[in-house]
Every structure is written in structure tokens, then in C-alpha cells.
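Visitor: Quick one: this structure, given as C-alpha cells, is what I'll be asking you about.
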Amino acid sequence: MLLLTGSYTEALSPAIDARGKGMSLFDFSEESGQLTLLDQIALRNPSYPIWDKSRQMVWVAEEIMASDNPCLAGYVKQAAFSLTRQKSIPVPVSFACHIAVVGEALVLANYLSSDIGIISGIATGKERIHLIRHSGSGKDPERQEAPHPHMILPLSEQSFYVVDLGLDALCFYQQNSSGNWEQVDSMGVNLMPGSGARHMISIRAHSYLVVLAELNGVVFLLKGSGAGYVVIDRIRLHSGNKASAAAIIVDAFDKFIYVSERSTNTIYCLEIINDRICQVGAVDCQGQTPRAISIAPVGNWLLSANQDSNSITVFKRNPLSGQLQFSHSSDVYTPNSFCWLD
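Residue numbering for the sequence shown follows my numbering, starting at 156 and increasing by one per position.
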């Protein structure tokens with residue numbers, strides 16, 4: 156199985172000591188969980204590469220300032236287990252930290268420029284980017300002085316949510332009959348002030364949204380209704396005064412939810428039981444600053460990208476109980492994300 160990882164390469168990045176080489180392509184053994192390096196691709200701060208199955212391409216944005224001329228790069232797989240760049244699209248945004256495929260478009264969440272970028276025209280080679288800027292601020296004067304779009308979650312080929320850390324909000328966008336994208340306020344959700352919504356997942360055919368808040372370490376459970384989503388439960392990951400929650404994922408059966416928390420270097424296991432979100436396990440990530448986590452497609456392994464210990468740790472996963480057991484660690488400089496290539 157092929158696994159692609161991003162990394163932080165530049166001094167201006169969230170990493171304490173950014174020493175990444177760009178993207179790394181690994182062969183992942185589904186039997187042993189071992190990683191074998193196949194290729195390295197030079198790129199500045201490649202953040203959250205994604206696999207575009209319909210186009211059979213990898214897309215990744217450079218998480219750098221607009222003044223440094225970032226690009227959105229597109230790669231195709233080669234038979235010899237390497238990647239070749241096929242597209243390079245200039246994006247006039249600052250710190251593009253997440254990307255998603257929404258229908259025929261690509262949508263970027265841009266943390267420091269407080270906007271989202273919707274890229275269309277990819278099929279014809281005449282790419283254009285439409286920027287939509289968020290406005291406002293949040294409760295925390297240091298981290299929420301402005302909007303900070305952090306993640307894009309598609310709900311359909313014509314709609315998506317933006318998780319905005321600076322606004323403590325989930326902003327909903329929909330494509331209208333004219334093909335234009337517009338924000339639908341009635342589908343938006345405001346969360347606890349100062350919580351810092353960072354990432355979220357949709358489970359059970361969009362019946363629930365589960366939102367991870369970075370600044371207070373709270374996980375919110377939202378349930379869908381005809382009019383949108385409402386918060387029905389929440390759980391705080393730990394009782395400490397400082398939180399730095401990072402990633403949230405769910406297994407293939409929408410049963411066990413995993414969350415990485417950087418201030419405690421912990422991976423938590425959660426489960427929804429009778430419309431309540433419950434903690435069912437927690438393990439040390441065996442590294443420092445677990446920025447991203449991912450379950451291998453076979454379902455028996457979970458990987459943690461430990462940004463500040465320059466390591467990827469691999470855990471054996473029990474699909475029936477959700478419990479994790481540390482297996483081994485691989486040296487990888489400043490890893491920040493995972494992308495499985497199927």
C-alpha cells in the first residue's frame with residue numbers, strides 16, 4: 156500500500172525545528188506495519204496532500220505566505236512507485252492548511268489570509284481561483300484576532316463546510332443553479348466562544364458531525380435535522396489548563412473516533428453511544444506533537460505523525476474494541492499529514 160506524507164520544511168511554520176524534505180512516498184506493509192521509503196518530492200511546507208480518485212492525482216498546497224508565491228501542485232503516480240508533477244497552479248493565499256475535492260472543484264482553507272479558495276476549470280486546463288474572505292473575530296485575542304479557516308469538509312458535490320478556528324464556527328457553502336458558490340447562514344453552526352474549532356468529521360451518512368476544538372480540547376457532537384445541525388453533546392479530552400487538539404478521524408465502520416492532542420502527546424479513542432460521545436481509550440503517541448493521525452486502509456494499524464520528535468509511530472489497532480497498542484517508530488523529519496494512494 157502506498158502512503159504519502161507531508162512535512163514542514165520552512166522556518167516559518169508551526170514546527171519547533173522544521174527539517175522536512177517535502178513529501179515522502181512510502182510502501183506500507185499491511186502485514187507488519189513497516190514503512191519503506193520509495194521517493195522524496197521537494198516542496199515547501201507541503202500540507203495535507205489528498206488523493207483525487209476521479210482524476211487519479213495527488214493535490215497538495217504549499218503552506219507559506221502569499222508573498223512567497225505558493226502553488227497548488229498536482230502529481231500523478233508512475234509505475235516505478237514515484238510521483239511526477241503534472242500541474243502547478245499559483246494560489247495568492249497565505250498558509251493554505253487544508254484542501255478538499257468538492258465535485259469538479261478544489262477548495263482550499265487558508266489560515267492566515269482568512270479566506271477560502273475555490274479552484275475551477277481544472278478539466279480544461281484553464282484553472283481559476285475564486286476567493287471568499289471571512290470576517291469577524293473570536294474570544295481569544297491571540298489566536299482568534301481574525302478568521303482562520305482550518306478545514307474543508309465536503310457534504311456533497313455541491314456543498315461543503317468550512318471549519319473556522321478564529322470564528323468558532325462551521326460555515327456552510329452551496330453551489331446555486333448558476334454554478335456560483337454562496338454561504339447559507341441557516342446551515343451554519345456557532346460553537347462555544349473561545350473553543351477554536353479546528354477539524355471535523357461526518358459520520359453515518361451525515362447524521363452526525365463531530366467537531367474537534369483546538370484551544371479548549373473539547374469534542375462536540377452535532378446531530379442533523381431538517382434545518383441543519385445542533386450540538387447535542389460534548390466531551391473535554393483532559394482536565395489540564397492547556398489544550399492543543401489537532402486531528403480527528405473515524406474508522407471505516409463509523410464506530411471508533413480517534414483524536415490527537417498535542418499538549419499531552421495523547422491519542423484518544425471515542426465512541427458515540429445513544430447520542431452521547433464517550434471516551435473508551437487513550438494512549439501516549441510515543442513522540443512529540445501528534446499533528447496528524449491516520450488508519451491504514453486494512454483497518455488494523457493507526458499511524459501518528461509526530462511533528463516535533465521527527466517520527467511516525469505505528470500502533471496495532473483492534474477493530475472490535477478500538478484499542479491501540481504501540482508497535483514501532485520510523486524516523487521521518489517534521490511530518491504533518493498522511494495520504495493513502497489507492
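Every residue gets a Cβ at the ideal spot worked out from N, C-alpha and C, and that includes glycine.
Does the beta-carbon of Q189 have 16 or more other beta-carbons within 10 angstroms, so that it is buried, or is it exposed?
Guide: Within the sequence shown, residue 189 is the residue found at index 34, counting from 1. Classification for Q189: exposed.
Visitor: Near A400, what residues of its chain come up, given a Cβ to Cβ distance below 6 Å and the 5 sequence neighbours on each side ignored?
Guide: The sequence position of residue 400 within the sequence shown is 245, counting from 1. Within the same chain, A400 has close Cβ partners L367, E369, G372, E416.
Visitor: Who are the Cβ neighbours of Y163 in its own chain at under 6 Å, not counting the five residues just before and after it?
Guide: In the sequence shown, the residue the question calls residue 163 occupies position 8. Result list for Y163: A170, A173, G175, N200, T489, N491, in chain order.
Visitor: Counting C-beta neighbours from all protein chains within 10 Å, is the total for S375 16 or more, i.e. buried, or is it exposed?
Guide: Your numbering for residue 375 matches position 220 in the sequence shown. In the sequence as presented, Ser is not what sits at residue 375; that position holds Phe. By the neighbour-count rule (16 or more Cβ atoms within 10 Å), F375 is buried.
Visitor: Please give me, in chain order, every unbroken run of the alpha helix (DSSP H) with length at least 4 that falls completely inside the stretch 397 to 466.
Guide: You should have found no qualifying run.
Visitor: For S341, which of helix, strand or coil comes out of DSSP?
Guide: Working through the sequence shown from its first residue, we reach residue 341 at position 186. Here S341 sits in helix by DSSP.
Visitor: Please name the residue in S476, L475, S449, V386 whose C-alpha comes closest to that of F183.
Guide: Position 28 of the sequence shown holds residue 183. Per the Cα distances, S449.
Visitor: List the residues that DSSP assigns as beta-bridge partners of H354.
Guide: As a first step, residue 354 is located in the sequence shown; it is residue number 199 there, counting from the start. In DSSP, H354 forms a bridge with L367.
Visitor: Please report the distance separating the alpha-carbon of F493 from that of G161.
Guide: Taking the first residue of the sequence shown as 1, we reach residue 493 at position 338. Taking the first residue of the sequence shown as 1, we reach residue 161 at position 6. Distance between the alpha carbons of F493 and G161 is about 7 Å.
Visitor: Please name the residue in P204, I427, N420, P309 whose C-alpha comes closest to that of L377.
Guide: One-based indexing of the sequence shown puts residue 377 at position 222. That would be I427, whose Cα lies nearest to the Cα of L377.
Visitor: Between H303 and A264, what straight-line distance do the alpha-carbon atoms span, to the nearest angstrom?
Guide: For this step, residue 303 is matched to residue 148 along the sequence shown. For this step, residue 264 is matched to residue 109 along the sequence shown. Taking the straight line joining both Cα atoms gives about 8 Å.
Visitor: Whole angstroms are fine: how far does the CA of C433 sit from the CA of V231?
Guide: Translated into positions along the sequence shown, residue 231 becomes position 76. Translated into positions along the sequence shown, residue 433 becomes position 278. C-alpha separation (whole angstroms): 41 Å.
Visitor: Between L310 and S357, is the Cβ-Cβ spacing less than 9 Å?
Guide: The sequence position of residue 310 within the sequence shown is 155, counting from 1. The sequence position of residue 357 within the sequence shown is 202, counting from 1. Yes.
Visitor: Taking only beta-carbon positions, decide if D340 is within less than 9 Å of chain C.
Guide: Judged by its chain identifiers, the structure shown contains no chain C, having just a single protein chain.
Visitor: Assign A221 to one of three DSSP states: helix, strand, or coil.
Guide: Along the sequence shown, one-based indexing puts residue 221 at 66. Helix at A221.
Visitor: Mapping the DSSP letters down to three states, classify R199 as helix, strand or coil.
Guide: Residue numbering aside, residue 199 sits at position 44 when the sequence shown is read from its first letter. In this structure, R199 counts as coil in the three-state DSSP scheme.
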